[in-house]
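Here is the structure we will look at, set down as C-alpha cells.
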C-alpha cells in the first residue's frame with residue numbers, strides 16, 4: 004500500500020470482506036451479525052458453530068467467509084490505528100486494563116445472570132439483586148456499553164446485547180472469562196516484577212502469577228487448594244474444547260487415528276478423560292489409559308459411560324514421575340507441554356522414553372507457531388495472546404516446530420518429529436505433532 008491511498012485501500016478491503024460475509028449469510032440462510040439478541044443464533048460465522056451438515060462446497064464457502072471476517076477485522080483495526088494517530092492509539096491501548104476490570108466486576112457479581120434475557124432491568128434493581136453498589140455499578144456498565152456488552156434501551160435500564168447474553172447461555176465461556184479476569188489478569192499485571200526479580204527463570208513458581216498471589220505454588224497446585232477457582236478453571240477449559248482450533252473434534256479429525264489399528268493410547272495428564280472418550284467413540288479399535296492426579300481421575304471414573312468401560316481405564320499417575328506403563332503404542336499429550344518451561348517439558352517427555360517400543364509414537368496436541376507473517380494477523384494476535392498467557396501464569400510458552408524438535412532431542416536423541424498435522428482454519432491451534440523413535 005502507498006501512504007497516500009492506504010486509508011482507501013483498507014476501506015476497500017473492509018467493503019469487499021463485508022460483501023463476502025453478507026453473501027455467505029444470505030446463501031446459507033444464517034442470521035446476519037447483530038448487537039441485539041435473537042431467538043436463535045445458530046449458523047452464524049462470528050463465533051458460533053455451524054450445526055448443520057456441510058458438503059465440500061458449503062465448507063469452502065464457510066472457509067471463504069471466515070477468511071473474509073479475519074481480513075475485515077484486521078483491516079478495520081489497521082484503519083482505526085492509522086486514523087487515531089500514534090499518540091491516541093497508544094493512549095487507548097494503555098487504558099485497556101479497564102475493560103478487563105469491568106468484565107471482572109460482571110463475573111464477580113454475576114451481573115449477566117441477573118439481567119433477564121428478554122426484558123430490561125433497572126440499574127437500581129440490578130444493584131439490589133447483585134449486591135454491587137449502585138453508583139459504581141452504573142459507571143462500570145457504561146464503559147461496557149461502549150464495548151457493546153449490555154446496552155441501555157431507555158434511561159436507567161440495562162438489557163442484553165448478543166455478547167452479554169452469551170455470558171448467560173454459555174456458562175463455560177463465563178468460567179473462562181473468570182479465569183482470565185481473576186487469575187491471568189493479576190498475573191499479567193506483575194510480569195514486569197517477575198522479569199526484574201527472576202530475569203532468566205525457568206521455574207513455574209517464579210512467574211507473574213506467583214508474585215501477584217504471593218505463593219510459591221505453580222498455578223495448578225494453587226488452584227487445587229482453592230476448589231472454587233479450580234472448578235472455574237476446569238469448566239472454562241472444557242468450554243474451549245467444544246469449538247474452534249482447540250476443540251475435541253479437532254483432535255478426533257486432525258490425525259489419522261484409524262491408522263494405529265488395535266493400539267493402546269496413554270493419555271498423559273488427560274484430566275477427566277473427555278478427549279479419550281471422544282476418540283474411543285470415534286475409533287472402536289483403540290483402547291485408552293487416562294493418567295492424571297487423583298482429583299481429575301476420580302471425576303473421570305464417575306462419568307465413564309458403561310459402553311466404554313472395556314476400552315477406557317483411569318489410573319493415578321504424576322507425569323513428573325517415571326512412567327509405570329511399559330511397551331506402550333502411543334503416548335498422547337494434549338495441551339500439556341505448553342503449560343511448562345522447557346526443562347520441565349523435557350522431564351515429562353523423558354519419563355515416557357523407557358516405556359516406548361521401537362514403533363511407538365508420541366502424539367502432542369499443542370499450538371505450533373508458524374514462521375512470522377504466515378498466519379493472518381487476527382490468528383497471529385491470538386497466538387501471541389496465548390504465548391503471553393503461558394508466560395505470566397507458568398513461565399512457559401507456545402512453541403515452533405523447531406522448539407518441539409529440540410525438546411524431543413533433549414529428552415532422547417532418537418526422538419524425531421515425523422510430521423506436524425494441521426487441520427482447520429486456525430493453523431496454530433489446530434496442530435498435532437507426531438514423534439517417533441528413530442534408529443541412531
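Residue numbers (the working numbering): 4 to 443.
For each residue, glycine too, the CB sits at the ideal point set by N, CA and C.
Start-to-end residues for the beta strand (DSSP E) that takes in residue i
i: residue 318; result: 315 to 319
i: residue 294; result: 290 to 295
i: residue 425; result: 418 to 425
i: residue 412; result: Element bounds for residue 412: not the beta strand (DSSP E) but the alpha helix (DSSP H), 404 to 414.
i: residue 360; result: 359 to 368
i: residue 335; result: 331 to 337
Terminal residues of the alpha helix (DSSP H) in which residue i lies
i: residue 14; result: 9 to 30
i: residue 280; result: 277 to 285
i: residue 351; result: 345 to 353
i: residue 234; result: 230 to 243
Cα-Cα separation, residue i to residue j
i: residue 154; j: residue 418; result: 55 Å
i: residue 433; j: residue 252; result: 10 Å
i: residue 73; j: residue 27; result: 14 Å
i: residue 33; j: residue 245; result: 21 Å
i: residue 395; j: residue 411; result: 24 Å
i: residue 102; j: residue 132; result: 23 Å
i: residue 241; j: residue 250; result: 9 Å
i: residue 344; j: residue 207; result: 7 Å
i: residue 88; j: residue 36; result: 29 Å
i: residue 436; j: residue 371; result: 8 Å
i: residue 405; j: residue 420; result: 10 Å
For residue i, three-class secondary structure by DSSP
i: residue 49; result: With a pLDDT of only 44 at residue 49, under 50, the local geometry of the prediction cannot be trusted, and no value is derived from it.
i: residue 270; result: strand
i: residue 85; result: helix
i: residue 440; result: strand
i: residue 201; result: coil
i: residue 97; result: helix
i: residue 164; result: coil
i: residue 152; result: coil
i: residue 124; result: strand
i: residue 372; result: coil
Any C-beta of chain C under 9 Å from that of residue i
i: residue 366; result: Checking the listed chains, one finds no chain C in this structure; it contains a single protein chain.
Whole-angstrom C-beta distance between residue j and residue i, which should lie under 8 Å
i: residue 39; j: residue 165; result: 7 Å
i: residue 348; j: residue 315; result: Contact doesn't hold; Cβ gap of about 26 Å is too wide.
Next on the checklist: With a threshold of 8 Å, are at least 3 pairs of Cβ atoms found where one atom belongs to the region 295 to 308 and the other to the region 265 to 276?
Outcome noted: Yes, the region 295 to 308 is in contact with the region 265 to 276.
> If you pair each beta-carbon of the region 210 to 222 with each one of the region 170 to 181, do three or more pairs fall below 8 Å?
Replying inline: In this structure the region 210 to 222 does not lie against the region 170 to 181, because fewer than three pairs of beta carbons, one per stretch, are closer than 8 Å.
Open item on the list: Measuring CB atoms only, is the region 349 to 357 touching the region 400 to 415, in the sense that at least three cross pairs come out at less than 8 Å?
Closed with: In short, these stretches touch, since the Cβ pair count reaches three.
Touch test, the region 380 to 390 against the region 325 to 335, Cβ-Cβ under 8 Å, three pairs minimum = In short, these stretches do not touch, since the Cβ pair count stays below three.
Practice problem: Report yes or no: do three or more beta-carbon pairs, one from the region 189 to 207 and one from the region 251 to 268, lie closer than 8 Å? | Solution: Verdict: no, contact absent.
Counting pairs of Cβ atoms below 8 Å between the region 214 to 232 and the region 399 to 409, do you hit three or more? Three or more Cβ pairs closer than 8 Å define a contact, and the region 214 to 232 falls short of that threshold against the region 399 to 409.
- Message: Between the region 11 to 19 and the region 133 to 145, can you find at least three pairs of beta-carbon atoms closer than 8 Å?
- Response: As far as the Cβ criterion goes, the region 133 to 145 does not touch the region 11 to 19, which means the pair count is below three.
Segment contact, 8 Å Cβ cut-off, at least three pairs: the region 304 to 317 with the region 335 to 349
Contact fails: fewer than three Cβ-Cβ distances are below 8 Å.
Note to self: For the pair the region 102 to 120 and the region 179 to 190, tell me if three or more CB-CB distances fall below 8 Å.
What the structure shows: Counting Cβ pairs under 8 Å, three or more are found: they touch.
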